[in-house]
Amino acid sequence: MALGTILWASPAQAAPPPMPGVSVDHGAGGCTAGFAAQGNDGSYYLMTSGHCDSHDGKEWTYGDAAPLGRISASEHEGEKRDAAIIRLDPSIGPPVGDVGGRYRVRDTLSRSQIQEGMPFCKIGAVTGETCGVVNGVQGDVVEASVYSLDGDSGSPGFVMNSDGTVSAVGLLMSSPEGDDYTTYFMLIHPLLNRWGLHILP
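Residue numbers for the sequence shown follow this note's numbering, so the first one is 11 and each next one is one higher.
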């Protein structure tokens, strides 16, 4: 008697909660999720770069094409401003606040708290965690000697604290042409009041 093979369908696995540092996509290219936040309206958000916004209202996805949400606010003004927030679909629930799922966010640094030579890191969807130092701050933009590539746009930039937590600083904007080891970050401190947000710990 021939024995047939029985295939058991495995139940669909729910996508893990999104977190800062994961890849996010809207069909026209991928970026990186920045810091997780909650709005005054109670909604949850993930930050990213403003130049990632194609202004078409498309839904963003993360991981294995899991639905994420849509951009609800963005700004992109050359090398001065470059930020956006993705309002998460309520069905997702709260995102993970820890950067890369491992670094708890203690606070957010203002422009006056950021000093040249300060150790600085980012976690990107393409290049992962890379570190360097702050080269300088001009306006709302921090320049750091941090390695990045295309697809890392929106990465959370932060300063490590002695207690193992991090202080949130900015969102990865861009690098100078031909120099992947210098990267610009837009400060998030001014965005929080403007968009009615607080960073999740």
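Glycine is no exception: its CB is placed at the ideal position from the N, C-alpha and C atoms.
Its chain contains VAL151, GLU153, MET183 and SER184 as the residues whose beta carbon lies nearer than 6 Å to that of TYR194, once the 5 sequence neighbours on both sides are disregarded; these appear in chain order. In the displayed model, GLY60 falls within a helix according to three-state DSSP.
Below 8 Å, too few C-beta pairs join the region 117-124 and the region 91-109 to call them touching: fewer than three.
In the three-state reduction of the DSSP assignment, ARG80 falls in the strand class. Runs of beta strand (DSSP E) with 3 or more residues, each lying fully within the region 68-125, are found at 70-72, 76-87, 91-98 and 115-118, listed in chain order. Non-local beta-carbon contacts of GLY149 in its own chain, meaning distances under 8 Å to residues more than five positions away in sequence, involve LYS90 in chain order. As for any alpha helix (DSSP H) of minimum length 4 sitting wholly inside the region 140-191, there is none. In chain order, THR42, GLY134, VAL136, THR137 and LEU182 place their CB closer than 6 Å to the CB of ASP162, counting only its own chain and leaving out the 5 sequence neighbours on each side. Around the CB of TYR191, fewer than 16 other CB atoms lie within 10 Å, so the residue is classed as exposed. The Cβ neighbour count for SER64, taken over all protein chains shown within 10 Å, is under 16; the residue is labelled exposed.
Here GLY73 really is in contact with ALA25; their C-beta atoms are around 5 Å apart, less than 8 Å. Per DSSP, HIS199 lies in no beta strand (DSSP E); the unbroken alpha helix (DSSP H) holding it starts and ends at 199-205. Your pair MET196 and PRO129 does not check out as a contact, with CB atoms roughly 19 Å apart and the cut at 8 Å.
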